[in-house]
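A.B. asks: Structure in structure tokens, see below.
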Amino acid sequence: MIRAYRTDGSAVTFGPDAAKDHISSDIIWIDLVSPSVEEEHAVEHAIGIPLPTREELKDIEPSSRLYVENEAVYMTASLIYKADTALPQLTDIAFILHDNRLITIRYAEPKSFALFSASLLRLNDQCKSGATLLGSLLETVADRTAEILETLAVRLDTLSVSVFVDRKAAKRRPPRFLEDKLLDIAAHHQLVSKVRDSLVSLSRLVTFLSSQSVVRSDALATELCGIVARDIQSLGEHAAFVGNNITFMLDASLGLISVEQNAIIKIFSIASVVFLPPTLVASIYGMNFRLMPELEWGFGYPMALVAMLISAVIPFLFFRWKGWL
Numbered sequence: 635m636i637r638a639y640r641t642d643g644s645a646v647t648f649g650p651d652a653a654k655d656h657i658s659s660d661i662i663w664i665d666l667v668s669p670s671v672e673e674e675h676a677v678e679h680a681i682g683i684p685l686p687t688r689e690e691l692k693d694i695e696p697s698s699r700l701y702v703e704n705e706a707v708y709m710t711a712s713l714i715y716k717a718d719t720a721l722p723q724l725t726d727i728a729f730i731l732h733d734n735r736l737i738t739i740r741y742a743e744p745k746s747f748a749l750f751s752a753s754l755l756r757l758n759d760q761c762k763s764g765a766t767l768l769g770s771l772l773e774t775v776a777d778r779t780a781e782i783l784e785t786l787a788v789r790l791d792t793l794s795v796s797v798f799v800d801r802k803a804a805k806r807r808p809p810r811f812l813e814d815k816l817l818d819i820a821a822h823h824q825l826v827s828k829v830r831d832s833l834v835s836l837s838r839l840v841t842f843l844s845s846q847s848v849v850r851s852d853a854l855a856t857e858l859c860g861i862v863a864r865d866i867q868s869l870g871e872h873a874a875f876v877g878n879n880i881t882f883m884l885d886a887s888l889g890l891i892s893v894e895q896n897a898i899i900k901i902f903s904i905a906s907v908v909f910l911p912p913t914l915v916a917s918i919y920g921m922n923f924r925l926m927p928e929l930e931w932g933f934g935y936p937m938a939l940v941a942m943l944i945s946a947v948i949p950f951l952f953f954r955w956k957g958w959l
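Just so you know, the working numbering puts the end of the sequence shown at 959, numbered straight through with nothing missing.
What follows is the structure, given as structure tokens:
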């Protein structure tokens, strides 16, 4: 699909056959969404520069993601999408500045693009050049990343409340409660890891973009790049803070699981120690030797029961006195 946006913010969608006629001088942004080979070739023929393929977008070498060719600035960044689902993912998106125009190539639908395209009609002053438009788009991407981190922080607070509760509530937890929370922690860790990867790629892109003459000659674009660079730096620090909280939650949950397991083992240990003396008494009087004086004693049986009871109560009281129970 080929989407184009004019300098007034209006949008138009067309196919490969109409690309040459629709890409006029007032088109400021060409957005290729999961383009076919025919659509790529049509846009290449219309604007006069080659476009990176989907395989080339996946290249991790800096020289393949950030370069200048044929007076066009090629940049590739990894953006997060499906952040509100259980399986957040990263997608590689190409940003190209050529002939005072922005060209983007993407194979996913990050929410930041939908937000930015919806706000184009309110950004008339920032739709005068491709550089300022790219700066505004990157600012929207940073804002969306900040929203993801804020949502993640709220989820972590909710998770913390459910894990670190009082002892009475902890005793009423369902089986495998903490084990299930470990899966939630792993999902949060996966999300913040992808956010940090995205911020790293955006930081490299903004640094490269700020050094280009097309940006340095545009005061508004330079200002926007500076704002985005500062936002990315602060978001990186926030993402590190959230990552540390997730690590703490993981360690604390594993610690609580160990405490619960130790409590269970402690109960069995105390039970075995408490029942060991009565077992010893019963074993002694359960022997079948002929010469055992107590066997002919009329009160032998009740006294054996009393001895077993006392031998069980004394260790129990001793443990209570020591504070082990």
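Where a beta carbon is used, it is the ideal one built from N, C-alpha and C, also for glycine.
Computed from a predicted structure; not experimentally measured.
Would you call Asn680 buried or exposed, if buried means 16 or more other Cβ atoms sit within 10 Å of its Cβ?
C.D. replies: Sequence inspection shows Ala at residue 680; the Asn mentioned does not correspond to that position. Counting Cβ neighbours within 10 Å, Ala680 comes out buried, since at least 16 surround it.
A.B. asks: Can the beta-carbon of Ala765 be found less than 7 Å from the beta-carbon of Val849?
C.D. replies: yes
A.B. asks: Thinking C-alpha only, which one of Phe811, Asp651, Tyr639, Ile948 is nearest His675?
C.D. replies: Asp651
A.B. asks: Less than 7 Å between the beta carbons of Ser832 and Ile714, yes or no?
C.D. replies: yes
A.B. asks: DSSP three-state label for Glu703, please.
C.D. replies: strand
A.B. asks: Looking only at its chain, what residues have a beta carbon closer than 8 Å to the beta carbon of Ile819, apart from the 5 residues adjacent to it on each side?
C.D. replies: The answer, listed in chain order, is Leu793, Ile880, Met883, Leu884, Ser887.
A.B. asks: Does DSSP classify Asp885 as helix, strand or coil?
C.D. replies: Judged by DSSP in its simplified three-state form, Asp885 adopts helix.
A.B. asks: Within 10 Å of its beta-carbon, does Arg852 have 16 or more other beta-carbons around it, so buried, or fewer, so exposed?
C.D. replies: According to the sequence as given, residue 852 is Asp; it is not Arg. Label assigned to Asp852: buried.
A.B. asks: Hey, how far is the Cα of Thr774 from the Cα of Lys745?
C.D. replies: 10 Å
A.B. asks: Note down, in chain order, each residue of its chain lying with its Cβ closer than 6 Å to the Cβ of Ser664, except the 5 sequence neighbours on either side.
C.D. replies: The amino acid at residue 664 is misidentified as Ser; the sequence shows Ile. Within the same chain, Ile664 has close Cβ partners Ala638, Ile737.
A.B. asks: Out of Ala787, Ile683, Val797, Gly877, which has the shortest C-alpha to C-alpha gap to Arg830?
C.D. replies: Gly877
A.B. asks: Taking the runs of the alpha helix (DSSP H) that are 4 residues or longer, which of them lie wholly in the segment 810 to 884?
C.D. replies: Counting only runs of 4 or more, we get 811 to 844, 847 to 850.
A.B. asks: Please report the Cβ distance between Leu817 and Ile891, rounded to the nearest whole angstrom; I am assuming they are in contact, meaning their Cβ atoms lie under 8 Å.
C.D. replies: Actually they are not in contact, since the Cβ atoms of Leu817 and Ile891 sit about 13 Å apart, beyond 8 Å.
A.B. asks: When we look at the beta-carbon of Ser770 and count the other beta-carbons within 10 Å, is it buried (16 or more) or exposed?
C.D. replies: buried
A.B. asks: Of the residues Ile661, Ala728, Glu673, which one's Cα is nearest the Cα of Ile694?
C.D. replies: Ala728
A.B. asks: Quick check: what's the CA-CA separation for Leu951 versus Val893?
C.D. replies: 24 Å
A.B. asks: Since Ser844 contacts Cys859 with CB under 8 Å, what's their CB separation in whole angstroms?
C.D. replies: 5 Å
A.B. asks: Taking the alpha-carbon positions, what's the Ala941 to Phe902 distance?
C.D. replies: 23 Å
A.B. asks: Going by alpha carbons, who is nearest to Ile730 out of Glu930, Gln846, Ile948?
C.D. replies: Gln846
A.B. asks: In this structure, what does DSSP give as the bridge partners for Met709?
C.D. replies: Leu700, Phe729
A.B. asks: Excluding the five sequence neighbours on either side, which residues of its own chain have a C-beta within less than 8 Å of the C-beta of Phe798, listed in chain order?
C.D. replies: Ala886
A.B. asks: Return the first residue and the last residue of the alpha helix (DSSP H) that Ile948 is part of.
C.D. replies: 934 to 956
A.B. asks: Using DSSP with H/G/I as helix, E/B as strand and the rest coil, what is Ile898?
C.D. replies: helix
A.B. asks: Give a yes or no on whether the C-beta atoms belonging to Met635 and Leu839 are separated by under 7 Å.
C.D. replies: no
A.B. asks: Is it true that the CB of Ser945 sits closer than 7 Å to the CB of Val915?
C.D. replies: yes
A.B. asks: What separation, rounded to the nearest whole angstrom, lies between the Cα atoms of Thr913 and Asp814?
C.D. replies: 40 Å
A.B. asks: DSSP puts Asp665 in a beta bridge; with which residues?
C.D. replies: Arg637, Thr738
A.B. asks: Between the Cα of Ile866 and the Cα atoms of Ala780, Leu929, Trp931, which residue gives the shortest distance?
C.D. replies: Measuring from the Cα of Ile866, the nearest candidate turns out to be Ala780.
A.B. asks: Quick check: Leu724 and Ser712, are their CB atoms within less than 7 Å of each other?
C.D. replies: yes
A.B. asks: Is the beta carbon of His872 sitting closer than 7 Å to the one on Leu772?
C.D. replies: no
A.B. asks: Alpha carbons only, please: which of Val947, Tyr935, Asn704, Phe933 is nearest the one belonging to Leu910?
C.D. replies: Val947
A.B. asks: Alpha carbon to alpha carbon, what distance is there between Ile661 and Val667?
C.D. replies: 16 Å
A.B. asks: Need the endpoints of the beta strand (DSSP E) that Ala717 sits in, please.
C.D. replies: It is not in any beta strand (DSSP E) - Ala717 carries neither H nor E in the DSSP assignment.
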